[in-house]
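Residue numbers (our numbering), protein chains in the order written: chain A, 12 to 365; chain B, 12 to 365.
These notes are about the structure you will find just below.
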């Protein structure tokens, strides 16, 4: 029985992408060689890299003057690279503190300069997105997190900033249209809507780089990777290949506008049931609810075993809540069909009826 | 026709490993989920990580007091992490300059302290391994490269050092037994003898860390990754899994001692033909010849087309020499059967006879 995979990440990928990836491990490009045993400088792989970059640009409407690169180290490495590349010596930055990952980003930036936290929802266990804050005009950049996987909150309207704007979009990139021109750096670990763990997508406005006066270590300088087309050293071949396949799948489906509607339908279906069913309760502020990660509690703990048995028997996987929120978390990334969400909703109804 | 894959890296992996990896992309651990769509904190993947670490320790006889971690960013990131973690503020280090990668390692360390190049073969296009050099006793560490992929040279005897010793073993780790206790940090990009591109193995003596007085950025501090068992953030799941499979394959084969003999036989076979056949000539000093990467020239350029046609028709792949050496380079990593080397040798003989 195929599972209904609600994992928060690494997470569900399209079945046809998995099939193509599996085939490429044995015989890539009909060359009788595996994808993972050929030179990254061979034409077949250079074509993969080029296509991945092109698909990112096309799907997100990336304006001219921006570079698209694939790095390693996840968002955690970007927490360091962003201040290294944008913060002047003795410089300043503004951050919103909207979750565990935002907090780590702040801690890393603080080692390099003066960080002002302009919005902070840690007082209520990060269950909302701060709004109406002011960003000082003298900061080198403003940093926010678009979607908070652990707490199930999502920025619906990005602020207007007097400074550069940087966003960690790890857990909702490609799930909805955003106006890339509002941002100067966007980064995202692949392992939600893009591909397997092991590569990080960075979209950067070229003109903002090279202005800090810092001596940036080679591997941490975005310009190193931009100038070498993400091939300064051997790139993570397999994660980039599968990302390319996933982006092609998204394009074939109609692109981000189409998936955004599907994601909204899935969110409406599950949040609708959480709000209707007296046994359940959402944890995030309604106006900030994430369309990717739905966090909810079961109000009646005596029904916990029954609920767990029900979803387990239905082949549902990965909906245990993160330890810092408790309860349940249903992650519904792009590759999750609405049918899987319906299975979960049906079980919630069944629990109520029993 | 299955190819004879002499690529320098990413390179040949065992056929049975590729088969298992391909299967795991569709259905891992009989859970009806792909390896790349499950949580890295799920038991099946934690087991993979544990097993990979255990296999490294077993295959290399890693002594107690050393940690084994899997990072991202390749050897290029280690060029930065090594001085950050070992070099005191205003500290010193000694390096050998034995090739393009050693040179990059030196450049990165120079940004952090005083670097003495104690041995240098750049004067003759890196065709030998410097020997008999003295390592100053006041350096924080000595750094060398065990095998130079581009130039086909290999350190046969590691020096005795008055300081800590660090080695980039990217292109020959697991190909021969080394006495790990002589080293304080060993690092290696996976994509030669261990697995696909996208993870870096680091073996580090715990007691040498935390003594620099530096404030090391979180992701660049070896202790971050040691304390979290390589799961500080999402690890590169697939490259680590395939590395584990490859190490298991090596163990089943009899381990490093057994493969070392096979590698010696392959080297004897090919170098023997290069020395015997008047049409060919090796580029590296004989006593420093690499058992992994065999660089050679065709003396008679009028036979180039004939040779290229011969090896191409025989299904040989990836033997074009690196642009900085020219000629040919046959990389013969662990997974290459001696039969493939024989095919190449037969063609060299055939060219002579024609």
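Where is the CB? At the ideal position from N, CA and C, for every residue including glycine.
When rounded, the separation of the alpha-carbon atoms in residue 123 of chain B and residue 159 of chain B is 24 Å. Among the residues facing chain A, residue 173 of chain B is not included, as its CB has no counterpart in that chain under 9 Å away. Neighbourhood of residue 204 of chain A in chain B, by CB distance below 9 Å: empty, with the nearest CB roughly 12 Å away.
Of the residues assessed, residue 320 of chain A falls on the exposed side of the cut-off, its CB having fewer than 16 other CB atoms within 10 angstroms. Separation of the CB atoms of residue 181 of chain A and residue 200 of chain A is rounded to 4 Å, and the pair is thereby assigned contact status at 8 Å.
DSSP places residue 153 of chain B inside the beta strand (DSSP E), whose first and last residues are 152-156. Taking 9 Å as the threshold, the shortest C-beta distance from residue 16 of chain A to chain B falls below it. About 15 Å separates the Cβ atoms of residue 13 of chain B and residue 40 of chain A, ruling out a contact at the 8 Å cut-off. For residue 213 of chain A, the enclosing beta strand (DSSP E) starts and ends at 211-216. Contact of residue 83 of chain B with chain A is assigned, a C-beta pair being separated by under 9 Å. The secondary-structure analysis by DSSP pairs residue 127 of chain A across a beta bridge with A:105. Looking from the CA of residue 147 of chain A, the closest CA among A:103, A:344, A:204, A:231 belongs to A:103. Chain A has no Cβ within less than 9 Å of the Cβ of residue 55 of chain B. Under the Cβ criterion of 9 Å, residue 99 of chain B is not counted among the residues facing chain A. Taking 9 Å as the threshold, the shortest C-beta distance from residue 47 of chain B to chain A falls below it.
Per DSSP, the unbroken alpha helix (DSSP H) holding residue 89 of chain B starts and ends at 85-97. Under the 9 Å criterion on CB atoms, residue 243 of chain A is classed as interfacial with respect to chain B. Residue environment analysis places residue 135 of chain B among the exposed positions, since fewer than 16 neighbouring C-beta atoms fall within 10 angstroms of its C-beta. By alpha-carbon distance to residue 314 of chain A, the top candidate from A:173, A:290, A:196 is A:290. With a contact defined as Cβ atoms closer than 8 Å, residue 164 of chain B and residue 301 of chain B qualify at about 6 Å. In terms of beta-carbon proximity, residue 279 of chain A stays away from the interface with chain B, with every pair separated by 9 Å or more. Under the 9 Å criterion on CB atoms, residue 238 of chain B is classed as non-interfacial with respect to chain A. Taking C-beta separations shorter than 7 Å and ignoring five residues to either side along the sequence, the partners of residue 227 of chain B in its chain run 95, 96, following chain order. Going by C-alpha positions, residue 178 of chain B is about 20 Å away from residue 298 of chain B. The beta carbon of residue 173 of chain B sits closer than 7 Å to those of 146, 148, all from its chain and outside the five residues before and after it, given in chain order. At a cut-off of 9 Å, the C-beta of residue 154 of chain A has no neighbouring C-beta in chain B. Counting only runs of 3+ residues, the beta strand (DSSP E) found wholly inside the region 297-343 of chain A occupies 304-309, 339-342, in chain order. Distance from the CA of residue 270 of chain A to the CA of residue 60 of chain B, rounded to the nearest whole angstrom, comes to 34 Å. In this model, residue 63 of chain A and residue 101 of chain B are separated by some 43 Å (Cα to Cα). Contacts with chain B at 9 Å (Cβ-Cβ) do not include residue 80 of chain A. When secondary structure is reduced to three states using DSSP, residue 146 of chain A falls in the coil class, being assigned neither helix nor strand.
Distance from the CA of residue 87 of chain A to the CA of residue 115 of chain A, rounded to the nearest whole angstrom, comes to 8 Å. At least one beta carbon of chain A lies nearer than 9 Å to the beta carbon of residue 253 of chain B. Taking C-alpha positions only, residue 211 of chain B is separated from residue 167 of chain A by approximately 38 Å. Look at residue 73 of chain B here: in three-state DSSP terms it is coil, with no helix or strand label. Beta-bridge pairing by DSSP links residue 78 of chain B to B:215.
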